[in-house]
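Structure, as structure tokens:
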Amino acid sequence: MWGFVDCTRYHVAEGRPQVVLYKASLVVETSEKVALMVRPGQGKSTIMRLLAGIDLPDSGTVLRDEGGWPLGYAGGFHNGMSGEANIWNLARLADVDPIELSAFCYEFSELEDFYHQPLGRYSSTMKARLALAASLGLPARTYLADDKLAAGDDRFRQRCMDALSEKLADCGLIFIASNPRAAKNVCDRYYVVSGGEILPCEDYDHAAALLAASVDEDPADAEEADVPTFDLA
Amino acid sequence: MIRGGGTTIGPIRSASPGEWLRVQLQIVAALARRDVQSRFGESWLAYAGSFLAPIAWIGATWLAFYLLGRTSPVYTDMVSFIISGLIPYAVFRYVVTAIGRTKTTARGLLLFPTVVEEQNMAAGALVELANGFILFLLVAAANLAIFGKGELADPLAFAWGMLLCWGLGGAYAYFFAMLSRYYGRAYNLGQLLLRPTFFLSAIFFTANELPEHILDWLGWNPLLHAIEIARDGMLFNYHSRIASDGYVLLWIAALGLGGAVLGLMRRN
């Protein structure tokens, strides 16, 4: 089970609190597919870090389950190492067979000879392809996706979506998205994070409309009306 | 500022202790390999280059001794005397730096569910331990090849002293890394407190040559004990009158326990 119980998380920027979550609650079963829509710059990565367990809430509790792997995350790769060496290293970190994972990544990423070259020579799309291949080859129980489910050209994006759909037959997805379209037809439940609250939505259209409405709001008004105040002493 | 009053309820591990240990060792080994490759690249030449700094450090000390007319206080050659203190100290100091570095270098890996900060610290520390022994072998071999001198009286006792220096550095860095989860600048404070140890830890002198009233004070420094144990093991004609491994182990246990308690308090 994943989620938040009465969670509050804020940053202090230029002496003012920026609220990401304020006494927010959400419970997601391990195999559910849930989209959390967040406006750009409103704490998408912070929510991801909370779910991954590398950031703590200021109050409340974060619920985490086993096997929550980031989807298409290239931040763990090292530029000085080849694609192959990075995948072997990842396999050891994940306790899976390195030969099997490496074979899958080589085939899926379609990097050909680049697979054996240092990541420093890769374009950002090539890195994204390798990262997606690695994620899809790992035994995740729940994927944690930060704004992207696929990468590359249309054909490769479709390949990623097909592989992901297959994986999602028996594993979950928490998709933290700033672009609502990306979550369409992938998730079963939709939420919008606004003013620190996690607002449940009836369906995708409702979520997209709510997110658009929150973008249209005047930030100054929103600050006065919605942002809770904190004693920072 | 103290951050975070909230909690995280993590997954419940159901693996047996043996299986858990196997996975932990595999992860630490993978992180250590990544650390070596990320710092030194895939070429052994770059890895060898990383020893140039400590070797230059030893050379500069030898030159300073030569210019100041300082001779070895023990019946041995100058290089052997210098490395009997400097290399154990380097192991201590480098492990502190390595553990501090993991906070930034391994940050990207923490998003993986199997990786935690402590494993990165262990990996960084293990790499430095290996580097310490490789550095000793390189310098001792060079001393033998160039000056025809060198000694290693009791290899096991020397290795024990090196391990104590490493353990002390690791426990010290772990404690301050955990403290820095509450107070962001704690690790910098820890580094600052180490500055005087370079001059107070029997690197350029031996504990045996110190007057009693000074040794009464410097004897509280656990690093001095650890370095003296390594020196005792390395040099044929030196037997320290103060070295106590029990005292060093006590410090390692206290700092390690303190760090573990701080980490658990933060988590819960």
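Chains as they are written, first to last, in our numbering: chain A, 24 to 256; chain B, 5 to 272.
Backbone N, C-alpha and C define an ideal beta-carbon position, used for all residues, glycine too.
Return the residue from the list the options that minimises the CA-CA distance to residue i.
| i | options | result |
| --- | --- | --- |
| residue 93 of chain A | A:210, A:77, A:165 and A:213 | A:165 |
| residue 137 of chain B | B:98, B:226 and B:197 | B:98 |
| residue 169 of chain A | A:54, A:47, A:63 and A:36 | A:63 |
| residue 102 of chain B | B:234, B:178 and B:214 | B:178 |
| residue 91 of chain B | B:59, B:113 and B:72 | B:59 |
| residue 58 of chain A | A:36, A:236 and A:224 | A:224 |
| residue 197 of chain A | A:73, A:103 and A:38 | A:73 |
| residue 172 of chain B | B:85, B:257, B:53 and B:211 | B:257 |
| residue 88 of chain B | B:53, B:64, B:73 and B:144 | B:144 |
| residue 159 of chain A | A:128, A:181, A:222 and A:61 | A:128 |
| residue 165 of chain B | B:113, B:126, B:93 and B:131 | B:93 |
| residue 107 of chain A | A:27, A:167, A:237 and A:123 | A:123 |
| residue 32 of chain A | A:211, A:51, A:45 and A:167 | A:45 |
| residue 116 of chain A | B:228, B:29, B:227 and B:259 | B:29 |
| residue 220 of chain A | A:35, A:53, A:65 and A:36 | A:65 |
| residue 163 of chain A | A:91, A:237 and A:179 | A:91 |
| residue 163 of chain B | B:120, B:205, B:237 and B:174 | B:237 |
| residue 56 of chain B | B:146, B:245 and B:207 | B:146 |
Per DSSP, which residues does residue i bridge with? Please list them.
| i | result |
| --- | --- |
| residue 41 of chain A | A:34 |
| residue 207 of chain A | DSSP lists no partner for residue 207 of chain A. |
| residue 198 of chain A | A:58 and A:168 |
| residue 92 of chain A | A:166 |
| residue 49 of chain A | A:27 |
| residue 245 of chain B | For residue 245 of chain B, which the question treats as bridged, DSSP gives no partner whatsoever. |
| residue 217 of chain A | A:220 |
| residue 141 of chain A | A:105 |
| residue 212 of chain A | A:57 |
List the residues of chain B that residue i touches, going by C-beta distances under 8 Å, in chain order.
| i | result |
| --- | --- |
| residue 93 of chain A | 115 and 116 |
| residue 104 of chain A | 38, 41, 42 and 46 |
| residue 200 of chain A | In chain order: nothing, as chain B lies at least about 17 Å away. |
To the nearest angstrom, report how far apart residue i and residue j are at their CA atoms.
| i | j | result |
| --- | --- | --- |
| residue 120 of chain A | residue 111 of chain A | 9 Å |
| residue 254 of chain A | residue 42 of chain A | Note that residue 254 of chain A scores 39 on pLDDT, short of 50, meaning its location in the model is unreliable and no value can be drawn from it. |
| residue 34 of chain B | residue 113 of chain A | 8 Å |
| residue 80 of chain B | residue 241 of chain B | 7 Å |
| residue 213 of chain A | residue 230 of chain A | 6 Å |
| residue 32 of chain B | residue 140 of chain A | 25 Å |
| residue 110 of chain B | residue 124 of chain B | 7 Å |
| residue 100 of chain B | residue 156 of chain A | 37 Å |
| residue 191 of chain A | residue 26 of chain B | 30 Å |
| residue 161 of chain A | residue 40 of chain A | 38 Å |
| residue 170 of chain B | residue 41 of chain B | 22 Å |
| residue 51 of chain A | residue 25 of chain A | 5 Å |
| residue 141 of chain B | residue 159 of chain B | 12 Å |
| residue 105 of chain B | residue 132 of chain A | 32 Å |
| residue 62 of chain B | residue 75 of chain B | 15 Å |
| residue 152 of chain A | residue 68 of chain A | 21 Å |
| residue 115 of chain B | residue 75 of chain A | 6 Å |
Given a threshold of 16 other Cβ atoms within 10 Å of its Cβ, counted over all protein chains shown, does residue i qualify as buried or as exposed?
| i | result |
| --- | --- |
| residue 70 of chain B | exposed |
| residue 176 of chain B | buried |
| residue 189 of chain B | exposed |
| residue 269 of chain B | exposed |
| residue 134 of chain B | exposed |
| residue 19 of chain B | exposed |
| residue 176 of chain A | exposed |
| residue 109 of chain A | buried |
| residue 224 of chain B | exposed |
| residue 24 of chain B | exposed |
| residue 53 of chain B | exposed |
| residue 265 of chain B | exposed |
Give the residues of chain A in contact with residue i, contact being defined as C-beta atoms less than 7 Å apart.
| i | result |
| --- | --- |
| residue 112 of chain B | 98 and 99 |
| residue 37 of chain B | 112 |
| residue 34 of chain B | 112, 115 and 116 |
| residue 30 of chain B | 115 and 118 |
| residue 27 of chain B | 118 |
What does residue i touch in chain B if you count any residue whose Cβ is under 7 Å from its own?
| i | result |
| --- | --- |
| residue 77 of chain A | 114 and 115 |
| residue 90 of chain A | 117 |
| residue 126 of chain A | Residues of chain B passing the Cβ test: none, with the nearest at roughly 19 Å. |
Mind listing the chain B neighbours of residue i? Cutoff is C-beta to C-beta under 9 Å, in chain order.
| i | result |
| --- | --- |
| residue 38 of chain A | The contacting residues do not exist; residue 38 of chain A stays about 12 Å from chain B at best. |
At a cut-off of 7 Å, is residue i close to the ligand NAD when judged by its beta-carbon and the heavy atoms of the ligand?
| i | result |
| --- | --- |
| residue 84 of chain A | Because no ligand of any kind appears in the structure shown, any question about the ligand NAD cannot be addressed here. |
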